[in-house]
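Colleague:
In the UniProt record's numbering, the protein residues as written are 1 to 51.
Encoded structure:
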């Protein structure tokens, strides 16, 4: 993780490494759930968001 973050110019303090790893694992699980939902270009993707 340190090497990857350094490649994009980020540094992660030692005390945050575990939290960052946990967040990335949660994000991967969320992505897996969303990827199986069939969507088409005609779907209304965010009707709850109003400008």
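Just so you know, even glycine gets a beta-carbon here, dropped at the ideal spot from N, CA and C.
Since the structure is predicted, the reported quantities are computational estimates derived from the model, not experimental observations.
Short of 8 Å in beta carbon distance, which residues of its chain neighbour residue 21, apart from the five on each side in sequence? Order them along the chain.
Modeller: In the chain shown, residue 21 corresponds to position 21, counting from 1. 1, listed in sequence order.
Colleague: What does a CB cutoff of less than 8 Å around residue 45 pick up in its chain, not counting 5 residues either side in sequence?
Modeller: Residue numbering aside, residue 45 sits at position 45 when the chain shown is read from its first letter. For residue 45, where only same-chain residues beyond five positions count, the Cβ hits under 8 Å are 39.
Colleague: Is residue 48 helix, strand or coil when you go by DSSP?
Modeller: Here residue 48 refers to the residue found at position 48 of the chain shown. Three-state DSSP puts residue 48 in coil, outside helix and strand.
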